[in-house]
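Taking the numbering used here, the leading residue of the sequence shown gets 26, the next gets one more, and so forth. Don't be surprised by glycine CBs; every beta carbon is placed ideally from N, CA and C. Shown next, in structure tokens, is the structure this report addresses.
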Amino acid sequence: MITNERQYLITKQQLKKLRTALRDFNLKEVVERVDSEILASAEKNALKSEEVSLANQLKEYKLLRTGKITTLKALNLGELPNILIRARIAHGLSQRDLAELAGLKEQQIQRYEADEYASANLRRLSEIAEALNLNITEIAELKTKPLTTATVSAGGLDWSKFPVKEMYRRQWFKDFSGSLSEALEGADTLVGDFVNSVIRRPVTALHRKQVRAGSIVDDYALLAWECRILSLASKAELRCRYEDGSIDAQWIAELAKESRKDNGPLCAKGKLAEAGIALVVEPHLANTHLDGAALLHDKGPVIGLTLRYDRLDNFWFVLFHELFHIIKHLRRGKLEGIFDDFDSISTDRLTKRLENEANAMAGEALIPGEIWDCALARYVRTPEAVIEMAEELNINPAIVAGLIRHEAKNYMILNDLVGQGEVRKNFPEAGFGR
26 MITNERQYLI TKQQLKKLRT ALRDFNLKEV VERVDSEILA SAEKNALKSE
76 EVSLANQLKE YKLLRTGKIT TLKALNLGEL PNILIRARIA HGLSQRDLAE
126 LAGLKEQQIQ RYEADEYASA NLRRLSEIAE ALNLNITEIA ELKTKPLTTA
176 TVSAGGLDWS KFPVKEMYRR QWFKDFSGSL SEALEGADTL VGDFVNSVIR
226 RPVTALHRKQ VRAGSIVDDY ALLAWECRIL SLASKAELRC RYEDGSIDAQ
276 WIAELAKESR KDNGPLCAKG KLAEAGIALV VEPHLANTHL DGAALLHDKG
326 PVIGLTLRYD RLDNFWFVLF HELFHIIKHL RRGKLEGIFD DFDSISTDRL
376 TKRLENEANA MAGEALIPGE IWDCALARYV RTPEAVIEMA EELNINPAIV
426 AGLIRHEAKN YMILNDLVGQ GEVRKNFPEA GFGR
């Protein structure tokens, strides 16, 4: 989001350079350079996505500066920080102006807006809103599920808010042989040891992740699941240490071909291990609504999958989606975790950009757009056409069938080809149905 004139001018220059790059983009030359139509097309799509994002940011900033916008709407309280920044711009106030109104230093407002008020408590948010003369009305809608989402302060974690009962049932507490009541009584020690043994600074880690979710998310349950994934990843046998740029188009194509095998998901796990990437499967916890995640661990990158939907088409798309998050988006000290609920559509700009890029690259890697545009199976939607196309691409028919169902928004067709019930059996250690 653009917050001041300097950023506005920089963004204008970036957009100008980006449009020049798109105008001069020669797909044929890029294909020759990277030796892959998949990666070349993905590179162009990423440029287009970034162009749209920058253009929208410039348009919004210009519109806010006119002062014509008097109402700013938020879908939830999590969007309040964004509203505060936009309200300041709409009032024609600089960051220094707002600091004077709120009785703060300009540098403090700059820091708040730089991290979208992540370090500000509720009282400070209220003070900023009052300084902006912002009238906030909010409807509280009671959900059918208990509201357990936690706001973690900089002061630390409340160990009692973790899903201790579920963690105990899944036997996550190493070397603990006591009863459930004893686990609940000793939650501070048990959960504290569990989390701190994996993540040295868990509160800091919470600010280095992106979460795509359409429902209320229990932050503590999400952190517990993340720690479980990282704990299991630390025990994974990897053949080498992952290096940026080590995965090329040929390797990606070979990974897609693994889908043809009866034990394709297990083969994919082995191939990822050869590249230094751990694949860990663990069912999601209540109120996390997860399909998968891309994480960074001391040993290297990790793909965590919940297999919420036990279908081959879902497995392969989620796997490739998280893989491209690792290749393109994760960076140590910046963004160290991306969590995905594929049933939701995020309203956060950064999340939308990351997800769109990963979707485009995963789709292109599995079924190139140039082939899909004129594919017979896409239009006739018969099992025979799906199987024939899969054989030509040397991938599992479930991938083709899944794309057809997704594009048609019809999940009643091609049921026999999506590999229902064919994934979880490859990972008995995950304890599905336990």
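Distance CB(residue i)-CB(residue j) smaller than 9 angstroms
i: Ala139; j: Glu191; result: no
i: Gln445; j: Arg285; result: no
i: Trp341; j: Ala400; result: no
i: Leu79; j: Leu40; result: yes
i: Val242; j: His322; result: no
i: Lys37; j: Phe50; result: no
i: Ala486; j: Phe349; result: With the chain running from 26 to 459 in the structure shown, residue 486 is simply not present.
i: Leu310; j: Pro393; result: no
i: Leu52; j: Leu109; result: no
i: Ala124; j: Arg90; result: no
i: Leu255; j: Ile224; result: yes
i: Glu131; j: Gln120; result: yes
i: Ile134; j: Ala127; result: yes
Residue i, DSSP secondary structure in three states
i: Ala311; result: coil
i: Thr237; result: Reading the sequence as shown, one finds Arg at residue 237 and not Thr. In the structure shown, Arg237 sits in a strand (DSSP, three-state: E or B).
i: Ile27; result: coil
i: Asp510; result: Outside the modelled stretch of the chain, which goes from 26 to 459, sits residue 510, for which no answer is possible.
i: Arg264; result: coil
i: Gly456; result: coil
i: Gly446; result: coil
i: Gly394; result: helix
i: Ile272; result: coil
i: Met414; result: helix
i: Glu347; result: helix
i: Gln32; result: helix
i: Gln196; result: coil
i: Met437; result: coil
i: Arg136; result: helix
i: His116; result: coil
i: Val77; result: helix
i: Cys399; result: coil
i: Pro290; result: helix
With 16 other Cβ atoms within 10 Å as the buried cut-off, status of residue i
i: Tyr193; result: buried
i: Cys252; result: buried
i: Glu207; result: exposed
i: Asn312; result: buried
i: Trp397; result: buried
i: Met414; result: buried
i: Glu395; result: exposed
i: Asn146; result: exposed
i: Ala249; result: buried
i: Thr28; result: buried
i: Val9; result: Examination of residue 9 is not possible in this model, given that the chain is present from 26 through 459 alone.
i: Val405; result: exposed
i: Glu283; result: buried
i: Ala65; result: buried
i: Asn421; result: buried
i: Ala212; result: buried
Strand pairing of residue i, partner residues [DSSP]
i: His322; result: Gly325
i: Val59; result: Paired residue(s): none; Val59 is not in a bridge.
i: Ala303; result: Val327
i: Arg356; result: Leu360
i: Gly128; result: Paired residues: none, contrary to the question.
i: Gly317; result: Leu330 and Asp365
Own chain residues within Cβ distance below 6 angstroms of residue i, not counting five before or after
i: Gly317; result: Leu330, Val343, Glu347 and Asp365
i: Gly270; result: none
i: Val443; result: Arg336, Asp338, Ala423, Ala426 and Gly427
i: Pro326; result: Tyr267, Ile302 and Ile351
i: Leu367; result: Reading the sequence as shown, one finds Phe at residue 367 and not Leu. Correct list, in chain order: Asp316.
i: Ala2; result: Residue 2 is absent from the model: the chain starts at 26 and stops at 459.
i: Lys377; result: Ser371
i: Lys294; result: Leu304
i: Met26; result: none
i: Ser61; result: Ala274
i: Gly180; result: Model confidence at Gly180 stands at a pLDDT of 42, short of 50, so the residue's coordinates are unreliable; what they give is reported in the following sentence. Within the same chain, Gly180 has no close Cβ partners at all.
i: Ile277; result: Ala390
C-beta neighbour in chain D for residue i, strict 9 angstroms
i: Leu248; result: Any reference to chain D falls outside this structure, which holds one protein chain only.
Contacting residues, own chain, Cβ-Cβ under 8 angstroms from residue i (five flanking each side not counted)
i: Phe452; result: Pro290, Leu291, Val306 and Leu332
i: Glu30; result: none
i: Cys265; result: Glu299, Ala300 and Gly301
i: Leu47; result: Lys69, Leu72, Lys73 and Glu76
i: Thr174; result: Reliability of the predicted coordinates at Thr174 is poor, the pLDDT of 36 falling under 50, and the value obtained from them is presented with this limitation in mind. Cβ within range, chain order: Ile241, Val242, Asp243, Asp244 and Asn312.
i: Gln82; result: Met26, Ile27, Thr36 and Arg374
Residues near residue i by beta carbon distance below 7 angstroms, same chain, minus five either side
i: Phe198; result: Met192, Ala208, Leu215 and Phe219
i: Glu262; result: Ala298
i: Ala112; result: Leu97, Leu157 and Leu159
i: Leu375; result: Gln235
i: Ala67; result: Ala385, Met386 and Glu389
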